[in-house]
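Visitor: Just passing along the structure, written as structure tokens.
Number of protein chains: 2
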Amino acid sequence: MRTSVWSIDPRTAARRVQVAVEATAADVDAAVRAAHLAGGALADRVARAAFLRGCAAELEAARDAIVVTGDSETALGEARLASELARTCTQLRAFADVVDEGGFLDVIIDHPDDSIAPPVPDLRRYKIPLGVVAVYAASNFPLAFSVPGGDTASAIAAGCPVVIKAHPDHPATSELVLAALRRAAAAGGLPEAVVSVVHGFDAGLHLIRHPLVAAAGFTGSVRGGRALFDAAAARPTPIPFHGELGSLNPVVVTAAAAAERADEIGSGLAASATLGLGQFCVKPGLVLVPAGEPGDRLVAALAEALADVTPGALLDHRMRDNFLDGVAERSGLAGVEAPVLPGPEGEHAVRAGLLVVSGGTLGEGSEHDALFEECFGPVTVVVRYAHTAQVDAVLDRLPGNLTATLHVSADEARAGDSQTADLLTRLTGLAGRVVVNGWPTGVAVAEAQHHGGPYPATTSTSTSVGATAIERWLRPVAFQNTPDPLLPPELRDTNPMGLPRRVNGRREA
Amino acid sequence: MRTSVWSIDPRTAARRVQVAVEATAADVDAAVRAAHLAGGALADRVARAAFLRGCAAELEAARDAIVVTGDSETALGEARLASELARTCTQLRAFADVVDEGGFLDVIIDHPDDSIAPPVPDLRRYKIPLGVVAVYAASNFPLAFSVPGGDTASAIAAGCPVVIKAHPDHPATSELVLAALRRAAAAGGLPEAVVSVVHGFDAGLHLIRHPLVAAAGFTGSVRGGRALFDAAAARPTPIPFHGELGSLNPVVVTAAAAAERADEIGSGLAASATLGLGQFCVKPGLVLVPAGEPGDRLVAALAEALADVTPGALLDHRMRDNFLDGVAERSGLAGVEAPVLPGPEGEHAVRAGLLVVSGGTLGEGSEHDALFEECFGPVTVVVRYAHTAQVDAVLDRLPGNLTATLHVSADEARAGDSQTADLLTRLTGLAGRVVVNGWPTGVAVAEAQHHGGPYPATTSTSTSVGATAIERWLRPVAFQNTPDPLLPPELRDTNPMGLPRRVNGRREA
């Protein structure tokens, strides 16, 4: 008896349609073996760049169906999903450009040099794909961090076939998208098995343990991610596990910033914290606001804007329950007030809100620990600080984060004063991306992007967004004294592929 | 009662001198905390490049004492240790050059671009040091892979202070070298605690579990390395563990190569397999030689050269016991012959030797598994193959390796024929460095070097030798919309440090 996989409408909790059945160990094995065999077809860089662009084109061609289906099983809204689809296509095309340019191959050539101790032989190094990559799709981005998302795009760009564990919150969208990607593969003359989807919790475990799986990418909860990280590390042959697990995304507002633009910061924060109903990995979840009148105005503006946020359904009812439990736990802590109490709206939706606590109230012990853990959904916690020692005390308690945000006044930004610089350095130690006078939501696809941070934000030092995400799926190999005709073309003297490379310590092209 | 740490003469098994006591948990904690506090002093790139060069100068100034002490507790010979010291200094200075050049900071700048979906804000990314690095010293390279070795040099170059777990085979050398490094620190105005040494097995475990330790480098056995890898992964906050655990380093000799230069290959192999009495991570431990007359001549030349190798003491008596046990186990397997039987020489030394087995004899089952595991010491295993299917069958059974070596004829090298190319591709899949018509021993310090390979050769995709080894101790961070005066100087528009960088997709300098 196979377990059915249903697409569910989070706005009503009703089953929409049966999409698939959960994959057995044998199904996962078949998918991984097929991917492994298909992988060779990705060795040709021209073919895989074309494939990535073909995926973007197929997704755009199927946009309407994907957006409607996506909305019906995630409640994220058609406008948001249409823009997520655009972002996903930007990402696929950006990785095609990365493949074309070839800098990711990191070609380094050293000619023989007997003047060094020990002597250097002819050495030529570049990077090769690791093999089959397992991708664990996110709940909150059914496109950009799921079947056609950054992990898949970067793995394909690296030359690795992928097997994706679909997220149960959007199985129908996953299958629709898979079909689009496979049409692109077929059109490009690639085997369809370069990309596969499996459904089911157990399938995810079979996948991470499969001997032919060479690396994994994950976006999700600390609990689920850590379990898979542990399984990856416990294998007879451990594999790299690049997981993005959770992040509080602290924000610090200086006294001068609050005095300068309390209303603007308050309303901006409300918009960022409730974007996608607070279901963003980079939602600002903890905000340090000065005590005193400007801070009061900031919190009032924040509360006013939050009270105006339209209630809505979260991605699924388990998340709704967790959100309501999380809010109840936090709002019940000593000294915690709720100027706008987040809570249920009817049977299926939730309302956004705000919790506030004084920095002086936070104990040294573990009593307020829950405030320093991510609460997924439309709530943010404001800590009112009386002096900078309270800011330090709060930052000391934080685990690693994807982002950290600092709001400073125009004067503080101009002067580059040492106190502000020290605070920025402090935040840099806590996060992978530091935002000044802006908001962390909206993760641009760019070379200079870094979407990752100290654990538990990420389980490795890598990024899951931006061009350098390709590095996760490659390993270097060096060739010593290898006759030119036997070398891979990427490493030959004549540079027949016109790759950027470093030769004898100098960069060419 | 503290446990004493003795320097022992492996040529006599006699205790030479008590060097230290084993570090307690409190000692390790003190060393890590001191390193953590001292780390800030390494933020200045000029200071740390000077420190690395100062380390090289201090090691050279203390050369005689280090070489004599090193030989007395490792039996590696003064000539070898003098050349290892030169290599170690080359490595320290190479990393100083890497620090000066600044390319490792990987500066990427993207200016705002509203034409992309989603829009790109001002993003500037570079890499920052991870924090305190734990280094686990190797037995077989008391300098180049120990206290002043590649892990230490690359970590310091990255801006990370180090705490080194000394290897029990050379504690006196470790302390001598530590004193030299600390003199260099003091001369450069750096706190001495930027580099520390702890002794003792338990100290190594305390170190890997310490909350302030941010990453680890290891060179040693599969058993010890895997235990530490597991401990690193099991931490509440897992950390990167870059371990080099073991490698068989397969060699394939084609029929044409054997026909062309059987004697040269045989004697070359003997020299490589017994360099440092076979105590190299890259010792060729499994050699595929064709059946037939040229292969017979190759094996005869190999046996003749091995019989002439001067017996000597291994690094310690536990290794001697393991070597003799390993040889006994392997030579007792069905079909295994020993044209030169490796074995004991007196009470303390060992003789080099050779085991040979026919490819046709190797069963499908696990009977000959031991032949596919590293046997540390002066022995190599030759498999005589009747046809290429037997080569494939052997390669199928191999785990990951640091190196793989291919010997081809001049014709095969010129022609670049597809069979040879396929074999090279096959070997590339098994190793991190591929050597053609040469030997894997002698690991050059160069940018294009890669010393690492699929597990168990390495626990990560990184290298422990060469310029890119610095990447292990860094993590990227991106700054979004950060006013220029608040940015780290490395990321400012004017590029005050003159760093190589990528701006809007184009490389500068």
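Chains as they are written, first to last, in UniProt numbering: chain A, 1 to 509; chain B, 1 to 509. Just so you know, even glycine gets a beta-carbon here, dropped at the ideal spot from N, CA and C.
Who are the Cβ neighbours of A/ALA301 in its own chain at under 7 Å, not counting the five residues just before and after it?
Guide: ALA262, ASP263, GLY266 and SER267
Visitor: Opposite B/VAL196 in the DSSP bridges: which residues?
Guide: Per the sequence shown, residue 196 of chain B should be read as Ser rather than Val. DSSP lists B/VAL163 as partners of B/SER196.
Visitor: In this structure, what does DSSP give as the bridge partners for B/ARG351?
Guide: B/GLY343
Visitor: For a quick check, are the C-beta atoms of B/PRO284 and B/ASN322 less than 9 Å apart?
Guide: no
Visitor: If you drop the 5 nearest sequence neighbours on each side, which residues of the same chain put their C-beta closer than 7 Å to that of A/LEU85?
Guide: Closer than 7 Å at Cβ, skipping near neighbours: LEU59, ARG63, ILE66, VAL67 and LEU143.
Visitor: Give, in chain order, every residue of the segment 476-490 of chain A whose Cβ lies closer than 9 Å to some Cβ of chain B.
Guide: PRO476, VAL477, ALA478, PHE479, GLN480, ASN481, THR482, PRO483, ASP484, PRO485, LEU486, LEU487 and PRO488
Visitor: Please classify A/MET319 as buried or exposed, where buried requires at least 16 neighbouring CB atoms within 10 angstroms.
Guide: A/MET319 is classed as buried because its beta carbon has at least 16 other beta carbons within 10 Å across all chains shown.
Visitor: Select from B/ALA421, B/ALA43, B/ASP27 and B/ALA215 the residue whose C-alpha is nearest the C-alpha of B/TRP473.
Guide: B/ALA215
Visitor: Taking Cβ positions only, does A/VAL132 come closer than 9 Å to chain B?
Guide: Cβ-Cβ to chain B under 9 Å: no for A/VAL132.
Visitor: DSSP on B/VAL253, reduced to helix/strand/coil?
Guide: strand
Visitor: In terms of residue numbering, what span does the beta strand (DSSP E) encompassing B/ALA448 cover?
Guide: From DSSP, B/ALA448 is part of no beta strand (DSSP E); its letter is neither H nor E.
Visitor: So what's A/ASN140 in DSSP terms, helix, strand or just coil?
Guide: Correct three-state label for A/ASN140: coil.
Visitor: With 9 Å as the C-beta to C-beta threshold (strictly closer), list the residues of the segment 425-441 of chain B near chain A in chain order.
Guide: Along the segment 425-441 of chain B, going in chain order, the ones with a CB nearer than 9 Å to a CB of chain A are THR425, THR428, GLY429, ALA431, GLY432, ARG433, VAL434, VAL435, VAL436, ASN437, GLY438 and PRO440.
Visitor: In chain A, which residues lie less than 7 Å from B/VAL120 when you measure between Cβ atoms?
Guide: ALA444 and ALA446
Visitor: Say whether the segment 396-410 of chain B touches the segment 452-461 of chain A, bearing in mind that this needs 3 or more beta-carbon pairs closer than 8 Å, one atom from each stretch.
Guide: no
Visitor: Shorter than 9 Å from the beta carbon of A/SER358 to some beta carbon of chain B?
Guide: no
Visitor: Where does A/LEU423 sit, in a helix, a strand or coil, going by DSSP?
Guide: helix
Visitor: Identify which residue in B/ARG506, B/ALA61, B/THR461 and B/PRO238 has its Cα closest to the Cα of B/ALA180.
Guide: B/ALA61
Visitor: Hey, B/VAL5 and B/VAL21 are a contact pair by Cβ (cut 8 Å); roughly how many whole angstroms apart?
Guide: Between the beta-carbon of B/VAL5 and that of B/VAL21 there is about 6 Å, and that keeps the pair under the 8 Å contact cut.
Visitor: Mind checking whether B/GLY278 and B/GLY377 have CB atoms under 9 Å apart?
Guide: yes
Visitor: Rank B/ALA415, B/ASP151 and B/ASP106 by C-alpha distance to the C-alpha of B/ARG125 and give the top, closest one.
Guide: B/ASP106
Visitor: Look at B/GLY429 and B/ALA446 and say whether their C-beta atoms are less than 9 Å apart.
Guide: For B/GLY429 and B/ALA446, no; Cβs fall outside 9 Å.
Visitor: At the 9 Å Cβ level, is B/ALA257 part of the contact set with chain A, yes or no?
Guide: no
Visitor: Count the other CB atoms, across all protein chains shown, that sit within 10 Å of the CB of B/THR237; report buried if there are 16 or more and exposed otherwise.
Guide: exposed
Visitor: Tell me the DSSP secondary structure of B/ALA214 in three-state form.
Guide: strand
Visitor: Measuring straight from C-alpha to C-alpha, what distance separates A/MET1 and A/VAL198?
Guide: 17 Å
Visitor: My guess is that A/THR463 and A/ALA469 are in contact by the Cβ rule of under 8 Å, so how many angstroms apart are they, rounded?
Guide: 5 Å
Visitor: Name the residue from A/ALA256, A/ASP484 and A/ALA444 whose alpha carbon lies nearest to the alpha carbon of A/THR88.
Guide: A/ALA444
Visitor: In whole angstroms, give me the CA-to-CA distance for A/ASP9 and A/ALA23.
Guide: Take the alpha-carbon of A/ASP9 and the one of A/ALA23: they are about 22 Å apart.
Visitor: Quick check: is the beta carbon of A/ASP113 nearer than 9 Å to any beta carbon in chain B?
Guide: Interface annotation, A/ASP113: in contact with chain B, CB-CB separation under 9 Å.
Visitor: Taking the Cβ atom as the reference point for each residue, do A/LEU355 and A/VAL391 lie within a distance shorter than 9 Å?
Guide: no
Visitor: Given a cut-off of 9 Å on the beta-carbon distance, is the pair A/GLY189 and A/LYS165 in contact?
Guide: no
Visitor: Taking 9 Å as the threshold (beta carbon to beta carbon), is A/GLN449 in contact with chain B?
Guide: yes
Visitor: Starting from A/ASP110, find everything on chain B with Cβ-Cβ shorter than 7 Å and list it in chain order.
Guide: ALA446, GLU447 and ALA448
Visitor: Within 9 Å (strictly less), CB to CB, does A/SER7 reach chain B?
Guide: no
Visitor: To which residues of the same chain is B/ARG209 closer than 7 Å at the C-beta, ignoring the five residues directly before and after it?
Guide: ALA231 and ARG235
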